[in-house]
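Worksheet: one structure, shown below.
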Amino acid sequence: PIDFMLYTRQNKENPEFIEPDNLGQNFISGSSHKGTVFIIHGFTDSGYGEWVQDMKSELLQFDNLNVIVVNWKEGAKRSGWRLYVNAAHNTRYVGLRTAELIRAIFYQKLIPESKIHMIGHSLGAHCSGFTGKNVKSMTGKIIGRISGLDPAGPLFANSKPDQRLDKSDAKFVDIIHTNDGNLVGIISAFGWKKNSPLGHVDFYPNGGSKQPGC
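Residues in the sequence shown are numbered consecutively from 1, following the UniProt record's numbering.
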């Protein structure tokens with residue numbers, strides 16, 4: 001199951017759960033043409049994770065936005081010996097379901113594609129990419145922006161653009177690389193190419209490998 005948790009300045013702490021076939025009256029009546037940010041967590045995380053909730057709160061303090069947290073914790077958890085592999089495969093389904101929600105938003109003419117911003121961490125970055133691909137195929141529209149935070153490398157790094165986050169998935173794709181040097185043994189086993197650029201702009205704080213204090 002995937003939960004779409006809507007936060008606004010009117011409900012900063014208690015989300016409204018929305019679905020493609022039930023956007024909720026508050027969203028329909030209060031969201032017209034507002035910027036809408038989707039936050040998608042990564043492997044073994046959840047929509048209630050500390051960084052997700054902190055980012056949601058900071059975004060709402062910064063601007064009068066819709067913030068939709070995509071909670072796919074069941075699909076992102078470790079599952080037996082396959083560990084990461086199942087979660088990586090589940091990113092496609094998360095992207096499909098999120099695109100269905102965006103299609104419903106477009107259908108009701110609530111928000112233009114230019115005001116959709118996806119923020120995804122790790123596997124969530126690729127969920128965002130699959131969302132963009134599906135929105136394009138479903139509606140012919142290209143979402144405004146995707147921000148990938150340390151996009152997951154294993155099973156994605158050397159893949160074709162249609163199998164991972166790519167700069168064609170949104171009008172603007174920016175990537176932040178902060179820990180490309182970690183888990184070297186595991187990453188090498190999956191064919192990871194260090195510091196691979198994926199977006200229109202890729203940022204590498206402190207070289208993109210290891211951060212002070214981490």
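Backbone N, C-alpha and C fix where the C-beta goes; we use that ideal spot for every residue, glycine too.
According to DSSP, is His89 part of a helix, a strand, or is it coil? helix
Using three-state DSSP, classify Ile186 as helix, strand or coil. The predicted position of Ile186 is uncertain, since its pLDDT is 46 and thus under 50; a value taken from the coordinates is nonetheless stated next. Residue state, collapsed to three classes: helix.
Could you have a look at Arg78 and say whether DSSP puts it in helix, strand or coil? coil
Identify which residue in Asp54, Ala125 and Pro161 has its Cα closest to the Cα of His177. Ala125
Trp192 - DSSP class collapsed to helix/strand/coil: Confidence is the limiting factor: at Trp192 the pLDDT is only 46, short of 50, which leaves the residue's position unreliable, though a coordinate-based value still follows. Trp192: coil per DSSP, three-state reduction.
CB of Val67 within 8 Å of CB of Ile40, strictly: no
N-terminal and C-terminal residue of the beta strand (DSSP E) that Asp202 is part of: Val201 to Phe203
Any chance the CB of Phe17 is under 7 Å from a heavy atom of the ligand FMN? No copy of the ligand FMN occurs in the structure displayed, which carries no ligand at all.
Given Thr91, which residues of its chain have a CB within under 7 Å of its CB, disregarding the five upstream and five downstream residues? Leu123, His126, Cys127 and Phe130
Determine the burial state of Lys133: buried for a count of at least 16 other Cβ atoms within 10 Å of its Cβ, exposed for fewer. buried
Given this structure, state the Cα-to-Cα distance separating Leu155 from His89, to the nearest angstrom. 9 Å
Lys148, DSSP secondary structure in three states: One detail in the question is off: residue 148 reads as Gly in this sequence, not Lys. Three-state DSSP puts Gly148 in a strand.
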